[in-house]
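Using mature numbering (1 follows the signal peptide of the UniProt record, and there is no 0), the letters of the sequence shown correspond one by one to residues -21 to -1, 1 to 266.
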Amino acid sequence: MALLLLMLLSILLRLAGGTAATASEPSRSPATALFALGDSTVSCGGSSSSILPLNLTAGPCLFPSAARRRLLPDLLAAKMGLPPPPHISTLNGTAAAAARGVNFGGVQYGGGGIFRTGAALGQQLRLAAETLQLIQLEEGNPQQDASSISGAVFVVSFGADAYARLLARAPGDADAAAPKHGRRGLGRLLADRVARGVQELYEAGVRRVAVIGVPPLGCAPRVMWAAGGGGCVEEANELIEGYNARLAARLEELRPQMPGADVVFCDVYKGIMEIIENPARYDLQVR
């Protein structure tokens, strides 16, 4: 987890102005806050239905005390010199509290369908838009409000839970659950929805966004065990690679339409596969 965290930090610190600017590149102001939208990869809230242990955290769901929980957004915020973003359900409704960052993630809506991620993303985007409006209305200084919002870093991490639910089904069952799209249609629909969500954040004044891809769930122990334990399940990983590639391409298409935005795609799939394929390079032992 530490290696994955370092990879995410290298990208987020770039967004936060933590790297030195080159002579031809203007310096970036420090990040003002960290906001997170996503599934169980960013929050334990509502993640009890997850099929796999997907949390990219230091064991947040293992501790009964909320004070001991350290979610991935909390660790990232600490490294960036920012306060940990509290979950939206714990805020007192004031603009001052919201302006320091919010974790909108982990909330699930609807039933157990494979394609319900779009509903969760839409709901979190609405909550984020309402929160940004609250900041703008209560602080009363449009120029300062715009600077505060554009200086914040938004982490968007969707897809891992959706693919976990997909991989928990047999191929025929997954296709039957979504007859119009099939299991390979999930990547297209989800990538387009996440990209549209980034565009909606931009229209709300957000300028710094890190979009996190889906890790290689075909190498998750439970998936490998269900397939006979013969190593990573290539078909599962191919599905996820297709989603990540489409999402990265969609974000690239959007960049010309979002002047002034700094949107990066964090390909955790490649990072984790590098660790799996070269464990000795990272001082890991394979039993």
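Every residue gets a Cβ at the ideal spot worked out from N, C-alpha and C, and that includes glycine.
| Check | Outcome |
| --- | --- |
| Inter-residue Cα distance where the pair is residue 37 and residue 254 | Legend: pLDDT at residue 37 = 41, less than 50; position of this residue unreliable, no value from coordinates given. |
| Alpha helix (DSSP H) segment containing residue 191, residue limits | Element bounds for residue 191: not the alpha helix (DSSP H) but the beta strand (DSSP E), 187 to 191. |
| 8 Å CB neighbourhood of residue 127 in its chain, flanking five on each side removed | 11, 12, 78, 114, 118 |
| Nearest residue (CA-CA) to residue 108, options 233, 240, 85, 178 | 178 |
| For residue 243, three-class secondary structure by DSSP | strand |
| Close Cβ partners of residue 252 (< 6 Å) along its chain, the five nearest in sequence each way excluded | 195 |
| Cβ neighbour criterion (16 or more within 10 Å) applied to residue 261 | exposed |
| Alpha-carbon to alpha-carbon, residue 238 and residue 263 | 42 Å |
| Beta-carbon proximity check, residue 50 vs residue 62, cutoff 9 Å | no |
| Check whether residue 188 and residue 134 have beta carbons under 9 Å apart | yes |
| 8 Å contact criterion, which residue 225 and residue 170 should meet: CB distance rounded | 4 Å |
| Whether residue 130 touches residue 222 by CB criterion (9 Å) | no |
| Exposure label - residue 69; buried when at least 16 CB within 10 Å | exposed |
| Beta strand (DSSP E) segment containing residue 13, residue limits | 13 to 17 |
| Residue 141, buried or exposed, once every other Cβ within 10 Å from all chains shown has been counted against 16 | buried |
| Per DSSP, the bridge partner or partners of residue 136 | 17, 191 |
| Buried versus exposed call for residue 105 [16 or more other C-beta atoms within 10 Å across all chains shown] | exposed |
| Pair within 9 Å by beta-carbon distance, residue 81 and residue 15 | yes |
| Distance, residue 76 Cα to residue 116 Cα | 14 Å |
| Check whether residue 240 and residue 185 have beta carbons under 9 Å apart | yes |
| Nearest-angstrom Cβ-Cβ length linking residue 311 and residue 211, presumed shorter than 8 Å | Nothing about residue 311 can be read from this structure; the chain reaches only from -21 to 266. |
| Straight-line gap, residue 65 to residue 143 (C-alpha atoms, nearest Å) | 26 Å |
| Cβ pair residue 190, residue 243 closer than 9 Å | yes |
| Opening and closing residue of the alpha helix (DSSP H) in which residue 262 lies | Taken as a continuous stretch (DSSP letters only), residue 262 belongs to no alpha helix (DSSP H), as it is neither H nor E. |
| Residue nearest to residue 167 in terms of C-alpha spacing, selected from 136, 228, 205 | 228 |
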